[in-house]
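K.L.:
Structure below; questions to follow.
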Amino acid sequence: MLLDAASLYFRAFYGVPTSVTTPDGRPINAVRGFLDMTARLVATQAPDRLVACWDDDWRPAFRVEALPSYKAHRLSSDGGEETPDELGPQVPVLVEVLAAAGLARVGAPGYEADDVIGTLATRARGPVDVVTGDRDLFQLVDDARGVRVLYTARGISDLEFVDEAAVTARYGIPGRAYADFAVLRGDPSDGLPGVAGVGAKTAAALINEFGDLAGIRAAAARTVVPKPPLTTAVLKKLHAASDYLDAAPVVVAVVTGLDLPAVEGTLPRAPADPGALAALAEAHGLQSSLSRLGAALGWPDGVLG
């Protein structure tokens, strides 16, 4: 099980009220929510390995160079990611808690969690569940290899299990064609404009007719007599978006070949550092959430004191 960590702690922050605080009154809702979600996932899905995948760079330079609008609407005045004031200080606490608990956490300098997930999912020797609220990761689904997405749009208690058939049912495209579909349609949440005037229906029709983005562009280049789905209007839109179509695949495609260290992600049967975890639990009021996580992981009773 690969967790899109930022997706989950943002969801936790907005799903758990900021009135959930540490003993000295600081918000701890994102950490509590993340731990509770992880406990529920372990209890209900029973993974044998789990890795929290981290955004070491939420807006990598190579993607911004290709498409300057990429996530530009999320930039704060200091050039970082716009994050609620109450959330920022909680992220380092979560890092400490995961380390003390013994749960694997992996990031890669210059890359997003998506790329870490893509790399670990690609090199895994068995089935993989990717837990995320980000549709970009639908491009990783692979029935033959057992890679699916546990989509959190409705919350952890109502996961949507996304395999190739689910992608087809939702978008009317082949199961592993999501990246090219997203390039054509666009995604405002990532600052991805798409091809102006080409919506989801036309994008799906083009993919189904020509297979992928390369096939669509090749057909557009050689078409003399327009016919659906390459009508005169669609041809004009594709030609007008030529520069965008050159750049966008670099932005949308998840990197699957990062040079990551070996990571087992074996579920810890006891905390890696019980003393540190107990101190963190007391300092931040995490006893109940860590007790639920410990129960899901099968930790011995009283391990937190």
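FYI, in the numbering used here the residues of the sequence shown are 828 to 1132.
Cβ coordinates follow ideal geometry from the N, Cα and C atoms, glycine included.
Here the structure is a predicted model, which is why all the values come from computation and not from measurement.
(1) Could you tell me the distance, in whole angstroms, from the CA atom of PRO887 to the CA atom of SER1116?
(2) Given that a residue counts as buried once 16 or more other Cβ atoms are within 10 Å of its Cβ, and exposed if not, what is VAL858?
(3) So if DSSP puts ARG876 in a beta bridge, which residue, or which two residues, is it bridged to?
(4) Among the candidates PRO850, SER846, ALA873, ASP851, whose CA atom is the shortest distance from the CA of GLY860?
(5) In this structure, what does DSSP give as the bridge partners for TYR978?
(6) What did DSSP end up calling GLU908 once you bin it into helix, strand or coil?
(7) Identify, in the order they occur along the chain, each residue of the same chain with its Cβ nearer than 6 angstroms to the Cβ of GLY1018, setting aside the five sequence neighbours on each side.
(8) CA-CA distance, ALA1006 and ILE1000?
(9) Go to VAL918, then tell me how far its alpha helix (DSSP H) extends in each direction, as first and last residue.
(10) With distances taken Cα to Cα, identify the nearest neighbour of LEU967 among GLY1002, TYR998, SER984.
(11) According to DSSP, what are the bridge partners of ASP1014?
(12) Just tell me which of VAL933, GLY1038, PRO1020, GLY945 has its CA closest to the CA of ASP813.
(13) For GLU1036, is the classification buried or exposed, using 16 other Cβ atoms within 10 angstroms of its Cβ as the cut-off for buried?
(14) Could you tell me whether the Cβ atoms of LEU862 and LEU1113 are closer together than 8 angstroms?
(15) Helix, strand or coil: how does DSSP classify ALA1045 here?
(16) Would you call the stretch 1022 to 1030 and the stretch 1068 to 1078 in contact, with 3 or more CB pairs under 8 angstroms?
(17) Could you compute how far the alpha carbon of ALA1032 sits from the alpha carbon of ALA873?
(18) Taking the alpha carbon of ARG1012 as the point to measure from, which residue in ALA993, ASP985, LEU1040 has its own alpha carbon closest?
(19) Quick test of your reading: LEU877 and GLY1042, contact by CB under 8 angstroms. State the CB separation rounded to the nearest angstrom.
(20) Would DSSP call THR1029 helix, strand or coil?
(21) Leaving out the 5 sequence neighbours to the left and right, which residues in its chain are closer than 7 angstroms to LEU1085 when beta-carbon positions are compared?
(22) Taking only the alpha-carbon atoms, compute the straight-line gap between THR1059 and PRO1053 and give it to the nearest angstrom.
(23) Going by the DSSP bridge assignment, what does VAL933 pair with across the sheet?
(24) Cα separation between VAL958 and GLY982?
(25) Buried or exposed, going by whether 16 or more other CB atoms sit within 10 Å of the CB of ALA1009?
(26) So what does LYS898 bridge to, in DSSP terms?
(27) In the DSSP assignment, what are the bridge partners of LEU914?
(28) Output the distance between the C-alpha atoms of ALA1099 and ALA1106, rounded to the nearest integer angstrom.
(29) Restricting to runs no shorter than 4 residues, where is the alpha helix (DSSP H) found entirely within the stretch 1036 to 1086?
(30) Given a cut-off of 8 angstroms, decide if ASP970 and GLU987 are closer than it, judged by their beta-carbon atoms.
(31) If THR1029 and VAL1079 are in contact, beta carbons under 8 angstroms, what's the gap, nearest whole angstrom?
(32) Can you tell me whether PRO1056 is buried or exposed? The criterion is at least 16 other CB atoms within 10 Å of its CB, across all chains shown.
(33) Which residues in the same chain have their Cβ closer than 8 angstroms to the Cβ of PHE840, if we skip the five residues on either side of it in sequence?
P.N.:
Let's see:
(1) Using only the alpha carbons, I get a separation of about 33 angstroms.
(2) Label assigned to VAL858: buried.
(3) DSSP lists THR1093 as the beta-bridge partner residues of ARG876.
(4) When each option's Cα is compared against that of GLY860, the closest is SER846.
(5) Looking at the DSSP assignment, TYR978 forms a beta bridge with THR959, GLU987.
(6) It is a strand residue.
(7) The answer, listed in chain order, is SER896, TYR897, LYS898, ALA899, HIS900.
(8) If I take the Cα positions, the gap works out to 11 angstroms.
(9) Here the alpha helix (DSSP H) through VAL918 covers 917 to 928.
(10) Distances from the alpha-carbon of LEU967 to those of GLY1002, TYR998, SER984 put GLY1002 closest.
(11) BP columns for ASP1014 point to LEU1019.
(12) There is simply no residue 813 to check, as the chain begins at 828 and stops at 1132 in what is shown.
(13) The residue in question, GLU1036, is exposed, as its Cβ has fewer than 16 Cβ neighbours within 10 Å.
(14) Taking C-beta atoms as the reference points, LEU862 and LEU1113 count as a pair closer than 8 angstroms.
(15) DSSP, read as helix, strand or coil, puts ALA1045 in helix.
(16) Three or more Cβ pairs closer than 8 angstroms define a contact, and the stretch 1022 to 1030 meets that threshold against the stretch 1068 to 1078.
(17) Approximately 39 angstroms between the Cα atoms of the pair.
(18) Nearest of ALA993, ASP985, LEU1040 to ARG1012, Cα basis: LEU1040.
(19) Not a contact, Cβ separation roughly 38 angstroms.
(20) Of the three classes helix, strand and coil, the one that applies to THR1029 here is helix, per DSSP.
(21) Result list for LEU1085: ALA935, TYR938, ASP942, VAL943, THR946, in chain order.
(22) The alpha-carbon atoms of THR1059 and PRO1053 are separated by roughly 6 angstroms.
(23) DSSP, once it has assigned bridges, lists CYS880 as partnering VAL933.
(24) C-alpha of VAL958 to C-alpha of GLY982: approximately 11 angstroms in a straight line.
(25) With 16 or more other Cβ atoms from the protein chains shown falling within 10 Å of its own Cβ, ALA1009 counts as buried.
(26) Per DSSP, LYS898 has no beta-bridge partner at all.
(27) DSSP lists no partner for LEU914.
(28) Each residue's Cα considered, the two are about 13 angstroms apart.
(29) If we require 4 residues or more, the alpha helix (DSSP H) runs fully inside the stretch 1036 to 1086 come out as 1040 to 1049, 1059 to 1067, 1069 to 1079.
(30) Not closer than 8 angstroms, so no.
(31) Not quite, the Cβ-Cβ distance comes to about 18 angstroms (not below 8 angstroms), so this is no contact.
(32) It counts as buried.
(33) Excluding residues within five positions, the ones whose Cβ falls inside 8 angstroms are ASN856, ALA857, GLY860, PRO911, GLU913, LEU914, GLN917.
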